[in-house]
Amino acid sequence: MRLSLSIAFLLLTSAIVLPYAQQPPAQQQPPPAQQPAPTPPAGRGRATQGNPTAAQKPPATVTPQAYPPELVQQGQVLFASFCGFCHGRDTMGGETGPDLTRSLLVAEDVRGDKIIPLVHAGRVDKGMPPQNIPDPDLAAIVAFIHDSKTKADSLEGNRRTVDPSDLATGNAQAGQQFFNGAGGCAKCHSPTGDLAGIASRYQGLQLLQRMLMPGGRGRGGVAPRPATATIKLPSGQTVTGRVTYRDEFTISVADSDGYTRSYSARGATITVDNPIEGHAALLPKYTNDDMHNVLAYLQTLK
Amino acid sequence: MNLRRLTFRSFLVVLPLAAGTLLVAQAPRGLDPAMMLKPPADMWPTYHGDYTGQRHSRLAQITPDNVHQLTVAWTFQSGSAAGIKATPILVDGVMYVTMPDNIWAIDARNGRQLWKYTYPTPQGFHIGHRGAAVYKDTVYLTTPDTHLIALDIRDGKVKWDVPFADWRKGFWSTNAPLLIKNHLIVGMSGDFDNLPGTLKSVDPETGKLQWVFYSTPPPGTPDSISGGATGGQMWNTGTYDPELNLLYVGTGNPTPVLNGPARPGDNKWVCSILAIDPDTGKLAWGFQASPHDTHDWDASEVPVLVDAPFNGAPRKMLMQASRNGYFFVLDRTNGKNLLTKPFAAANWTKGISENGSPIPDPAQEPARDGRLVAPDEGGGTNYRSPSFDRRTGLFIVSARDSWGIWFFKPEHGAYGWAGADYGVYGKGLLRAIDYQTGKIKWEHDLMGGGGGAGVLTTDTGITFSGDAANSVFALRTSDGATLWHASIGNVGNGPITYELDGKQYMVVAGGGVLYAWTLPERLVTAPPR
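The listed protein sequences derive, respectively, from chains X and S. First residue of the first sequence? That's 79 in the working numbering, and the numbers climb one at a time after it. First residue of the second sequence? That's 253 in the working numbering, and the numbers climb one at a time after it.
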């Protein structure tokens, strides 16, 4: 009961959800635009995200590179200290950081030309803080990452993975019923419209993640439809636009030309249409069977 | 030369000097452990401010009526790209704040740096640091590579440096040690490896080990009752009841983390609230918040100590909002459960057992095809310190409603994480819980997946905390109405309050900067006539 009240509260306030700030951004940077919902918690599990799913072959290193063992060893210690909590001590991923051995950026990196600027700048929107690591230390970290990738590419089996076949326990017909009935999915989605061919674009875990929360963990591909707001200002004027920021006190919207403007929430009547709210409201309703059934149904939409 | 006259003259000269020296000598120096029993208004001498963990202040200058006039008294720029997660400690007008491998001593009147110490060998996980501890003339810092560094309170010079665990085995520390009499209680982390849950007490004078407590005694030892589970690290700072002479501490999750079949049974004492004799390290009682946890839901959250009526009878209680989404009230004299209620989304139980522990639903254990479980790995709450407001009887906590998908198959093995899980969605809400019923009296949207801030309440009815959208705010404790806010960057620590020179300060971190707020001067001191 209390749970459904919370969801009602969520819908009433029409708040879009900003990226989780557990890994604090270093500077007062504005939160990223168009990033509703995803919630990387303080996690340490094993994950692959935003890159080829675990069942797929990792991208090959474009420019093979060799590093002296001493440098790799030095990099291993530094990596564990500065990167390991999120990316795993072995570079193979944690809940808050992707498996670097499957990263496209690492595959394309040549002696740090892509990794080093990224470490300096951080990826604040994804919870990665900028790090002031001295260059010689970074060179060692880069060596360790590439060495780990080389080793990981030669591994077979036993990786901490979720294979598409693991997920194939649902009943597509029951899933279709849930989709059209209790789940209410058909109110916004159509198997011949927006979801046509979805199973060709996404498989396995990535499809499941997008199904549960688009724009969340199963990144890549088309972004979900952005949240839009209608703001009735105290002056009586009404503004509409794509929501780029929202907190308790201000709301920012972008117009069709991409210009963003902020408004005080005080005295304004704000209505937000955020498509991810339907997905959030479904989470307390799904049984595990519902979840697997709907996934099985989506897998038929090739 | 007349010796007597000389002596007399010298005496005249020396007397005022001696008197002056005497005055300085009488000024407070360092921290007397006895003071910890009732910290004065100008101190915040330990991580939670006092032994209760209530983070509730009786200071009354800042009120709901004037809080909107708060102004910045000073800021302290750490210069670090990472954010401050530590609760500052305040002793004798000097504030001590930490980040991994670093500690600063700051003048609490103006934010000026007095000294800084940087640990020279960065090793171990650098994910954050909770804070320092002070005893007499020494300041203590734990390091990511599990060393305890004792620093001279005057200049930050190293007095001694002792390792308290082996970081190479997978331990690390973010811990703010807890001083109890002549014991410094030091905790550690480590759940990527199958390590015994370890808490240590060291002599604050010498760093010498006094006792070791294992929440999961190493397999093969006679005390081992964990059913094969390792883990149960006590990484957060506990609380203490001087009358009962009991230290209260929450224990972490078991390892292997997601692989339940490898460790059958309840896995005592992981995910538990424990009462320990601080003089001997012996267990007095335990209460398990999550029997047979398979979701990384440690019970390391703050065990808050409250003396108040429960169902009409005065009680010595312990309250915890636990990571598994449940709020517990225990009788802290014996560990008996008084109340168990969910305060955040939770779909993993089959009910509540007679002793008050939730009964885990085996169908929600991580599985090959995945289980959709609330909360996610980050939990219904986490390290973020809650506050108990004695005026309203509200327990106020930074909560999350969250869902994750959880996987385990035998191929994942039985070492360390041993599984995979993925957060799906979470929403952060500051929730005010009535401690006698567990009902949510009000909630405040934290505008995102979850905040990083702790909570502070004051006797005038203010709740200070921060949201996920860079705002520090003040709410009215009775109903949660927003009274004041300022956008200062990611609010990543627990706010503190103290009074110096008749002025009440509230200090909180925004990103890598500390902000000290006071009322404007004219409101603090009477205007000149």
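For every residue, glycine included, the Cβ atom is placed at its ideal position computed from N, Cα and C. Owing to the predicted nature of the structure, the values given are computational and were not obtained by experimental measurement.
Less than 8 Å between the C-beta atoms of residue i and residue j, yes or no?
{"i": "PRO136 of chain X", "j": "ARG189 of chain X", "result": "no"}
{"i": "GLN306 of chain S", "j": "VAL558 of chain S", "result": "yes"}
{"i": "ILE223 of chain S", "j": "MET347 of chain S", "result": "Past the edges of chain S, shown from 253 to 781, lies residue 223 of chain S, and the structure says nothing about it."}
{"i": "ASN576 of chain S", "j": "GLY632 of chain S", "result": "yes"}
{"i": "ASP404 of chain S", "j": "THR390 of chain S", "result": "yes"}
{"i": "GLY799 of chain S", "j": "ARG652 of chain S", "result": "Past the boundaries of the shown model lies residue 799 of chain S; chain S is included only from 253 to 781, so the question cannot be answered."}
{"i": "GLY732 of chain S", "j": "GLY763 of chain S", "result": "no"}
{"i": "GLN688 of chain S", "j": "PHE580 of chain S", "result": "no"}
{"i": "SER552 of chain S", "j": "LYS520 of chain S", "result": "no"}
{"i": "ILE528 of chain S", "j": "LEU496 of chain S", "result": "no"}
{"i": "ALA277 of chain X", "j": "LEU376 of chain X", "result": "yes"}
{"i": "THR347 of chain X", "j": "LYS310 of chain X", "result": "yes"}
{"i": "ILE432 of chain S", "j": "PRO530 of chain S", "result": "yes"}
Should residue i be flagged as near chain X, meaning a C-beta pair shorter than 8 Å?
{"i": "GLN375 of chain S", "result": "yes"}
{"i": "TYR677 of chain S", "result": "yes"}
{"i": "THR350 of chain S", "result": "no"}
{"i": "ALA666 of chain S", "result": "no"}
{"i": "GLU553 of chain S", "result": "no"}
{"i": "ARG623 of chain S", "result": "yes"}
{"i": "LEU275 of chain S", "result": "Because LEU275 of chain S carries a pLDDT of 49, less than 50, the predicted location of this residue cannot be relied on, and no value is offered for it."}
{"i": "ARG515 of chain S", "result": "no"}
{"i": "ILE379 of chain S", "result": "yes"}
{"i": "THR729 of chain S", "result": "no"}
{"i": "PRO456 of chain S", "result": "no"}
{"i": "PHE444 of chain S", "result": "yes"}
{"i": "ALA573 of chain S", "result": "no"}
{"i": "ASP418 of chain S", "result": "no"}
{"i": "ALA333 of chain S", "result": "yes"}
So with CB distances below 8 Å, who are the chain B contacts of residue i?
{"i": "GLN287 of chain X", "result": "Given the protein chain composition of this structure (X and S), no chain B is represented."}
Have a look at the DSSP bridge pairing and note the partners of residue i.
{"i": "HIS399 of chain S", "result": "S:PRO415"}
{"i": "ARG774 of chain S", "result": "According to DSSP, ARG774 of chain S bridges with nothing at all."}
{"i": "TRP367 of chain S", "result": "S:ALA357"}
{"i": "HIS308 of chain S", "result": "S:THR709"}
{"i": "TYR578 of chain S", "result": "S:PRO594"}
{"i": "HIS435 of chain S", "result": "S:ILE432"}
{"i": "ARG652 of chain S", "result": "S:GLY680"}
{"i": "TRP537 of chain S", "result": "S:ALA527"}
{"i": "PRO506 of chain S", "result": "S:GLY483"}
{"i": "ASP493 of chain S", "result": "S:LEU498"}
Return no unless some Cβ of chain S is closer than 8 Å to the Cβ of residue i.
{"i": "MET206 of chain X", "result": "no"}
{"i": "ASN366 of chain X", "result": "yes"}
{"i": "VAL240 of chain X", "result": "yes"}
{"i": "THR169 of chain X", "result": "no"}
{"i": "LYS363 of chain X", "result": "no"}
{"i": "THR247 of chain X", "result": "yes"}
{"i": "LEU290 of chain X", "result": "yes"}
{"i": "GLU355 of chain X", "result": "no"}
{"i": "ASP213 of chain X", "result": "no"}
{"i": "ILE348 of chain X", "result": "no"}
{"i": "PHE257 of chain X", "result": "no"}
{"i": "SER226 of chain X", "result": "no"}
{"i": "HIS165 of chain X", "result": "no"}
If I measure Cβ to Cβ from residue i and keep anything under 8 Å in the same chain, skipping five residues before and after, which residues do I get?
{"i": "ILE714 of chain S", "result": "ILE314, THR315, PRO316, VAL319, ALA726, LEU727, ARG728, THR729, LEU735"}
{"i": "VAL743 of chain S", "result": "GLY703, GLY704, ALA705, SER717, GLY718, ASP719, ASN722, SER723, VAL724, VAL760, ALA761, GLY762"}
Within its chain, find whatever has a CB closer than 7 Å to the CB of residue i; leave out the 5 residues flanking it on each side and keep chain order.
{"i": "PRO415 of chain S", "result": "THR398, HIS399"}
{"i": "ALA417 of chain S", "result": "THR398, PHE423, MET440, THR450"}
{"i": "GLY459 of chain S", "result": "LEU400, ALA402, TRP412, VAL414"}
{"i": "THR273 of chain S", "result": "A caution first: THR273 of chain S carries a pLDDT of 49, below 50, which makes its placement in the model too unreliable to give a value."}
{"i": "TYR145 of chain X", "result": "ALA221, HIS224, ASP225"}
{"i": "ASN511 of chain S", "result": "PHE660, HIS664, ALA666, ALA670, GLY671"}
{"i": "PHE377 of chain S", "result": "PRO396, TRP424"}
For residue i, which residues of its own chain have a beta-carbon under 6 Å away from its beta-carbon, when the five flanking residues on both sides are left out?
{"i": "THR306 of chain X", "result": "ARG320, ASP351"}
{"i": "TYR757 of chain S", "result": "TYR750, ALA768, THR770"}
{"i": "GLU617 of chain S", "result": "GLY512, THR546"}
{"i": "LEU382 of chain X", "result": "Residue numbering for chain X in the displayed model covers 79 to 380; residue 382 of chain X lies beyond these limits and cannot be assessed."}
{"i": "PRO352 of chain S", "result": "HIS378, HIS381, PRO396"}
{"i": "ASN362 of chain S", "result": "TRP326"}
{"i": "THR139 of chain X", "result": "ALA185"}
Can you list the beta strand (DSSP E) stretches of 3 or more residues lying completely in the stretch 670 to 742 of chain S, in chain order? 672 to 686, 692 to 697, 708 to 710, 714 to 718, 723 to 728, 734 to 739
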